[in-house]
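2 protein chains.
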Amino acid sequence: MVEDMVPASRFPADLTATTGQRTAAGRVLSVLDVFDEDHLELTLSEIGRRAGLTLSTTHRLVGELHGWGALERLPDGRYTVGLRVLELGTLEPQMLQLRDVAPAYLADLQSAVDANVHLSVRDGHDVVYLESLQRRSGAPVLSRLGGRWPLHATATGMVLLAFAPPGVVDEVLASPLQRFTERTVTDPLVLRRLLAEVRRTGMSELHEAITLGAFAVGVPVRGPLDRPMAALSLTLKQGGPVTAHHVLPALHATARALSRAVGSPSEPGPPAASGSHRPRLA
Amino acid sequence: MVEDMVPASRFPADLTATTGQRTAAGRVLSVLDVFDEDHLELTLSEIGRRAGLTLSTTHRLVGELHGWGALERLPDGRYTVGLRVLELGTLEPQMLQLRDVAPAYLADLQSAVDANVHLSVRDGHDVVYLESLQRRSGAPVLSRLGGRWPLHATATGMVLLAFAPPGVVDEVLASPLQRFTERTVTDPLVLRRLLAEVRRTGMSELHEAITLGAFAVGVPVRGPLDRPMAALSLTLKQGGPVTAHHVLPALHATARALSRAVGSPSEPGPPAASGSHRPRLA
DNA sequence: TCTCGGCCTTCCATGAGGTGGAACTCCGCC
DNA sequence: GGCGGAGTTCCACCTCATGGAAGGCCGAGA
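Listed in order, the protein sequences are those of chains D and U. Read in order, the letters of the first sequence correspond to residues 1 to 282 in the working numbering. Read in order, the letters of the second sequence correspond to residues 1001 to 1282 in the working numbering.
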C-alpha cells in the first residue's frame, strides 16, 4: 500500500551522508534505519544489503547491537527491533510527561464519542503519535503509536504547526508537501491561511486529508509554559451524523484536563503532587 | 528512591566490554546507555563522564546521534532521548501485535475492576511492560511503560517464567535474585515450587513482592503458536475487600480475548482479517 | 572589571581498530 | 551430487575514530 508516506530521512536529502555512510556511528545507525513498518524482520544479509554494508561488517555490527538489546533474534535467525529500544524510547520526556496521565482521559473521551483518538507531538517537520486509540466499532483510521506523518496532512499536525516557531512554518511550507488524496491541501498560501484560522479558533479541522471518508478535529494541549506541547484529535466518519460541532466540547474538555494534569498555568490547580512529573509508587 | 532496581546491564558483568568500551559501536551504545529514569536530561559533559568517553569523542557521537534523531536537544542545550527512538521501538514485533488491539480490552478490564492493569512480555531475564494502565482512584503502583523488572518479583514475570524454556528458568534461578520487600521470594527452591503451581493453575499470585500493601494476579496471553507470548496482570490493594477470586474471571476473560485477537488457535475464530497483524486504513 | 572555572566547539597528527575480501561451513533445492 | 545463498571466522591493510590542545563563551565571585 502507501509506501513512501513515512519520510525516509527527516533531514535534507544531501545530508544523508551525515548518518548514512562514512562514519562508524553512521553505520550503526544505518543498521537501525533498515527496519520500518514494511521491514519488521530481516535476515543478516538483507540488513547488510539495505544498509549498504558488506556482510562481515553487518555481521559484526548486528552482533553488537544484538548483544546490547537493540536487536532481537528470532528463532528462525532473523532479526527484529529489540525491546531495549522501546524501553529507551519511553524515556523521551514528552512521552513520559503525557503517557502516564493520558490513557485514562483518552479512554474517557473515546467512550464519550465513538471515534479514533490521537495524541501527538511535533518532531521536526513531522507529527509523531504518542498515543492512539482505535474505535472498536466502525472504520479504523490509518495510524500507529510512534507513527510519523507530515504536519500539513493531520489535524494534530496543523495545530502543532500553527503554534510552532515561525521558522518552522517557513521551512515546512517551503519543502515539498506530500499529497495523499485529492483533498490534501498542499498550497502554501492556503495552508498559511488555514494556520491563521487555527490560531484564531484554537482548533483545526481537516477533511479527507489522508483518508477518504474520514475527517479529523484537533485542539492543542498546553504544557507548563502554557505553550502548546501536544495536540489531541478525533477522527470521524466523513458525512456521518456526527460533525465537528458535536465533538468539540468533549475534545476541548479532555485537552484542558490533560493540560491541567501536565501543569499548564492557565488551567487552575494541578490535580496531584506537582514535584515529579511521573506518578510513582504506592 | 530505589536506584538499582533496573539492572544496569542485562548481561554478565564481565561482558560489559562487549558494549561498554573497545569498539566504536559500543561507544555509540554507551552514549545511549547513559539515559535512564533518573537521568532524563544531560549535558554533553555529563554524557561523556557517564559514558566514560572523552569530551571530543562524546561531542562527535552525540552530534551524529542528534542528527539522526536518537537524541533531542533542549532549548537549554541539554540532551534527551529523541522521538526517533520511540518510533523505532514501536516496531518491536510483540509490541506491534499487541499494542493496537490491547488498549481497548485493557480499558474495559480496568473499568470492570478498578485496579492497575499491566501487559508484559519477557525480555531475557526481565519483564518489560508493553502497556500499563493506572487506576484513576486509589493507590498507584510502581511501574512504567517500557519499564524493566525482574521476572521473579512480578505477577506477569512469574507467569512468563513459568512457561519459559527450562534453560531460562535455570539461568534466572541461578542468578542473584533481587529482594524488594521482606515478602519478595528469592529462594530458588520456593520459586520452583511456585512456578510449578503457576503452570498447574494457569495463574500467578504475588503478595507485596515489590510494594508493600499491594498484591498482583497474573495470567498468560497466548499467541498464534498457542505458546504464552505475554502476560496480563491486575494489581490490587493488599487486605482490601477485593481478592484474587473476585477478579480472576474478568482477568481470564480479557486474556482470552487478547489471545483470540492475536490469533491463538485454542481461542476459536480470529475476529478480523487474519493476514496482516496490524489494523490498517479506512 | 578582571579572573577563574565549567562547558562547548573545532582542529589535527597519530595509531588503534574497523573494514572487507577470502575461505569455510551449513543448509535447502534443483 | 552440485549449486546458490546465508552465516561465520580470520586477517592484513589503511581508513578514520580518537583525544589532546587551544580557543570561545558564559556566569560567579572578588
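Positions of the beta carbon are idealized from the N, C-alpha and C atoms, including for glycine.
From U:R1260, U:L1191, U:R1078, U:M1203, residue whose alpha carbon lies closest to that of U:L1174:
Just to set this straight, residue 1174 of chain U is Ala in the shown sequence, not Leu. Put simply, of U:R1260, U:L1191, U:R1078, U:M1203 the residue whose alpha carbon is nearest the alpha carbon of U:A1174 is U:L1191.
Per DSSP, which residues does D:A215 bridge with? Please list them.
First, the residue type needs correcting, since residue 215 of chain D is Phe and not Ala in the sequence shown. Paired residues: D:H207, D:L236.
When burial is assigned at 16 or more other CB atoms within 10 Å of the CB, is U:S1204 buried or exposed?
So U:S1204 counts as buried.
Quick check on D:S45: does DSSP put it in helix, strand or coil?
D:S45: helix per DSSP, three-state reduction.
May I have the straight-line CA-CA distance separating D:L151 from U:R1148, to the nearest angstrom?
Approximately 33 angstroms between the Cα atoms of the pair.
Does any residue of chain D bring its CB to less than 8 angstroms from the CB of U:M1229?
Closer than 8 angstroms: no.
Using a threshold of 8 angstroms, state whether the C-beta atoms of U:T1080 and D:E92 are closer than that.
For the pair U:T1080 and D:E92, the CB atoms are nearer than the 8 angstroms cut-off.
Does the Cβ of U:E1171 have 16 or more other Cβ atoms within 10 Å, making it buried, or fewer, making it exposed?
Per the 10 Å Cβ criterion, exposed.
Three or more beta-carbon pairs under 8 angstroms between the segment 187-202 of chain D and the segment 66-84 of chain D, yes or no?
These segments do not touch.
Using CA atoms only, rank isn't needed, just tell me which of U:T1243, U:A1244, U:H1246, U:L1232 is closest to U:R1099.
When only C-alpha atoms are compared, the closest one is U:L1232.
Would you mind telling me which residues of chain U sit closer than 8 angstroms to D:A24, beta carbon to beta carbon, in chain order?
When 8 angstroms is used as the limit between beta carbons, D:A24 is near these residues of chain U: A1024, A1025, V1028, in chain order.
Taking 8 angstroms as the cut-off, does the segment 110-127 of chain D touch the segment 64-81 of chain D (at least 3 CB pairs, one atom from each stretch)?
No, the segment 64-81 of chain D is not in contact with the segment 110-127 of chain D.
Report the residue ranges of all beta strand (DSSP E) runs contained in full by the segment 145-205 of chain D; include only those spanning at least 3 residues, in chain order.
Counting whole runs of 3 or more residues, the segment 145-205 of chain D contains the beta strand (DSSP E) stretches 148-150.
How many Å lie between U:S1045 and U:H1039 at the Cα?
Their backbone Cα atoms lie some 13 angstroms apart in a straight line.
If I measure Cβ to Cβ from D:A139 and keep anything under 6 angstroms in the same chain, skipping five residues before and after, which residues do I get?
With a pLDDT of 48 at D:A139, under the threshold of 50, the predicted position of this residue should be treated as unreliable, though the coordinate-derived value follows. None.
With a threshold of 7 angstroms (Cβ to nearest heavy atom), would U:Y1079 be considered close to the ligand SAM?
With respect to the ligand SAM, the structure offers nothing, as it holds no ligand at all.
Under the three-state reduction of DSSP, which class applies to U:R1022: helix, strand or coil?
Coil at U:R1022, not helix or strand.
For a contact defined as C-beta to C-beta under 8 angstroms, what are the partners of U:G1082 on chain D?
The answer, in chain order, is E92, D123.
For the alpha helix (DSSP H) that D:E72 lies in, which residues bound it at each end?
Where D:E72 is concerned, there is no enclosing alpha helix (DSSP H), although the beta strand (DSSP E) it sits in stretches over 71-73.
Using a Cβ cut-off of 7 angstroms, pull out every chain U residue sitting near D:A107, in sequence order please.
Neighbours of D:A107 on chain U, chain order: A1107.
Count the other C-beta atoms from every protein chain shown that fall within 10 angstroms of the C-beta of D:D187, then say buried if there are 16 or more, exposed otherwise.
Classification of D:D187: exposed, given that the 10 Å Cβ count is below 16.
Short CB-CB distance (under 8 angstroms) between D:W68 and chain U:
So yes, D:W68 belongs to the interface.
Does the beta carbon of D:F163 sit closer than 8 angstroms to a beta carbon anywhere in chain U?
Cβ-Cβ to chain U under 8 angstroms: no for D:F163.
Looking at C-alpha atoms only, which residue of D:A25, D:V242, D:P166 is the closest neighbour of D:L65?
It is D:A25.
What does DSSP give as the partner residues of D:D123 in its beta bridges?
Per DSSP, D:D126.
If we define contact as Cβ-Cβ less than 8 angstroms, is U:V1169 a contact residue for chain D?
Chain D contact via Cβ: absent.
So the candidates are D:H59, D:P228, D:T184; which of them puts its Cα closest to the Cα of D:A162?
Taking only the C-alpha atoms, the option nearest D:A162 is D:P228.
For a test of the three-state rule: what should DSSP assign to D:R222, helix, strand or coil?
Three-state DSSP puts D:R222 in a strand.
I'd like the span of the alpha helix (DSSP H) that includes D:V113, first residue to last.
From DSSP, D:V113 is part of no alpha helix (DSSP H); its letter is neither H nor E.
8 angstroms contact criterion, which D:A214 and D:Q238 should meet: CB distance rounded:
Yes, they are in contact, since the Cβ atoms of D:A214 and D:Q238 sit about 6 angstroms apart, within 8 angstroms.
For U:A1036, the residue or residues it bridges with in DSSP
This sequence places Asp at residue 1036 of chain U; Ala is not what is there. Here U:D1036 is bridged, per DSSP, to U:H1039.
For U:G1052, count neighbouring C-beta atoms within 10 Å of its own C-beta (all shown protein chains included) and say buried if the count is 16 or more, exposed if not.
It counts as exposed.
Mind checking D:T87: buried by the 16 CB within 10 Å criterion, or exposed?
What sits at residue 87 of chain D in the sequence shown is Glu, not Thr. The residue in question, D:E87, is buried, as its Cβ has 16 or more Cβ neighbours within 10 Å.
Decide if D:R72 is buried, meaning its Cβ has at least 16 other Cβ atoms within 10 Å, or exposed.
The sequence shown places Glu at residue 72 of chain D, not Arg. The residue in question, D:E72, is buried, as its Cβ has 16 or more Cβ neighbours within 10 Å.
Under 8 angstroms between beta-carbons, which chain D residues line up against U:V1128? List them in chain order, please.
What U:V1128 touches in chain D: L83, L86, E87.
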